[in-house]
Amino acid sequence: MAKILLVDDERDIVTLIQFVLVKEGHIVRTAPNGLEALKSLGVEAGSPPADLPDVILMDVLMPVMDGHTACKRLCEHPAVGKVPVLILTAKGMARDLFQGLKNVVGFIDKPFDPKSLRDTVATVVAQAPGLTPESAPSPKPGAPASSDPRSKPGA
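Put into structure tokens, the structure is as follows:
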């Protein structure tokens, strides 16, 4: 079981992702934009320290603060910058924006297949620091063996 922070402003997407990940035994918290995510993680000035998630799923295009700005801020924080981030995007070009951000470990393109989402998250959770093998769910049988979300295009 992993703690996951899901940052997305599209209610239907949030509901679907929560359903898929909770069904897998994960605990999912949500934030509607990058600023609220920073506050919930204790990164924003005056925010209390947070119980850090094991993985963050971050949308790119959101009101108030976009995913790229939020990821840059997270990356600068000594503790939160170590939490792996999966980027949710419908924009193929957005991948270039995230090159060089050490906390971004992969991308999930919208629209996504729920099985692919589940398997990608399971792979990242299995590699997340601080999770023991017993607490990290393993990918479902039939998951693609070559699916490594840490590989980035052009890297």
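For the sequence shown, this note's numbering assigns the number 1 to the initial residue and increments by one for each residue that follows. For each residue, glycine too, the CB sits at the ideal point set by N, CA and C. Just so we're clear, the structure is a prediction, and the values are computed from it rather than from any experiment.
Using C-beta distances below 6 Å, list every residue in its chain close to residue i, excluding the 5 sequence neighbours before and after it, in chain order.
i	result
residue 140	At residue 140, the pLDDT of 46 sits below 50, so the modelled position is not reliable and the matter cannot be decided from this model.
residue 64	33, 35
residue 41	50, 80
residue 45	none
residue 37	7, 31, 70
Less than 8 Å between C-beta atoms, sequence neighbours within five positions excluded: which residues of the same chain meet that for residue i?
i	result
residue 81	74, 75, 102, 103
residue 30	5, 6, 7, 8, 14, 18
residue 24	118, 121, 122, 137
residue 10	59
Please check the pair residue i and residue j, which I expect to be a contact at CB under 8 Å, by giving their CB distance rounded to whole angstroms.
i	j	result
residue 56	residue 85	5 Å
residue 60	residue 87	6 Å
residue 90	residue 110	4 Å
residue 50	residue 26	No, residue 50 and residue 26 are not in contact; Cβ-Cβ is about 17 Å, not under 8 Å.
residue 53	residue 83	6 Å
Of all the options the options, which has the alpha carbon lying nearest to the alpha carbon of residue i?
i	options	result
residue 66	98, 78, 116	98
residue 108	58, 10, 11	58
Kindly list the residues whose CB is nearer than 7 Å to the CB of residue i, restricted to its own chain and excluding five residues on each side of it in sequence; keep chain order.
i	result
residue 77	43
residue 134	A caution first: residue 134 carries a pLDDT of 46, below 50, which makes its placement in the model too unreliable to give a value.
- [ ] Check whether the region 71 to 80 touches the region 18 to 28, taking contact to mean three or more Cβ pairs, one atom from each stretch, closer than 8 Å.
- [x] no
Task: Every unbroken beta strand (DSSP E) within the region 44 to 105, with a cutoff of 3 residues, ordered by chain - done: 55 to 59, 85 to 89
- [ ] Would you list, in sequence order, the uninterrupted alpha helix (DSSP H) runs of no fewer than 4 residues that lie entirely inside the region 1 to 30?
- [x] The qualifying runs are 11 to 23.
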